[in-house]
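Below you'll find the structure, written out as structure tokens, and then a few comments.
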Amino acid sequence: MITLPPDYRPSEDEEFMNPLQTEYFRQKLLKWRAELLKEAGDTLASLSEGGIHEADITDRASVETDRALELRTRDRARKLIGKINLALQRIENGSYGYCEDTGEPITLRRLEARPIATLSIEAQEQHERMEKTHRDD
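Per this note's numbering, the very first residue in the sequence shown carries number 580; after that it's consecutive.
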């Protein structure tokens with residue numbers, strides 16, 4: 580078990596995915612997942628409070644729209660939790676932080692911004708260009 584210094588931030592000056600960096604991203608992913616699960620629990624609690632009681636049809640439509648939006652948001656969060664779990668598995672097997680296409684390290688800046696990233700920026704851009712090309716056909 581590695582204890583991170585309170586002010587630790589991964590740096591380009593240290594070995595890529597050393598134990599401190601790995602633990603930093605593991606904790607970041609676990610915290611993110613916990614936040615998403617808490618929000619999902621809060622949503623479930625609010626939805627289980629009962630039906631829509633607004634008498635006015637406009638108010639009722641507004642509440643239904645809000646609920647539909649919340650459910651779509653929760654569905655996106657559910658998919659994101661799956662990606663977080665996969666990232667945690669990559670940490671466990673030692674492949675976290677490396678591009679799935681090239682095997683090259685993904686930059687720390689990219690991992691900070693998107694800790695579930697599986698592709699380097701260059702590989703992601705190429706992937707998106709290929710998608711766009713095939714979509715236009």
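Heads up, the beta-carbon is just placed ideally off N, CA and C, and yes, glycines get one too.
All of these numbers come straight from a predicted model, not from anything done at the bench.
When the Cα atoms are used, what is the spatial distance from residue i to residue j?
i	j	result
E707	A634	48 angstroms
R639	D621	21 angstroms
Q653	A619	The sequence as given places Arg at residue 653; Gln does not occur at that position. For R653 and A619, the distance between alpha carbons rounds to 6 angstroms.
M596	K610	19 angstroms
V642	L616	23 angstroms
I663	R655	12 angstroms
Check whether the Cβ atoms of residue i and residue j sit closer than 8 angstroms, and answer yes or no.
i	j	result
E727	I581	Nothing can be reported for residue 727: it is not among the residues displayed for the chain, which extend from 580 to 716.
E683	Y677	yes
R693	I660	no
Drop a sphere of 10 angstroms on the beta-carbon of residue i, count the other beta-carbons inside from all chains shown, and report buried for 16 or more, exposed for fewer.
i	result
L648	exposed
L687	buried
Mind reading off the beta-carbon distance from residue i to residue j? Whole number of angstroms is fine, and I expect it under 8 angstroms.
i	j	result
L690	F604	6 angstroms
A696	T681	With 8 angstroms as the limit, A696 and T681 do not qualify as a contact, their Cβ atoms being about 13 angstroms apart.
P589	Q606	Rounded, the Cβ-Cβ distance is 12 angstroms, inconsistent with contact.
L608	L667	6 angstroms
_Complete alpha helix (DSSP H) runs within the region 673–707 (minimum length 4 residues, chain order)_ = Taking only runs of at least 4 residues, the alpha helix (DSSP H) segments lying wholly in the region 673–707 are 687–692.
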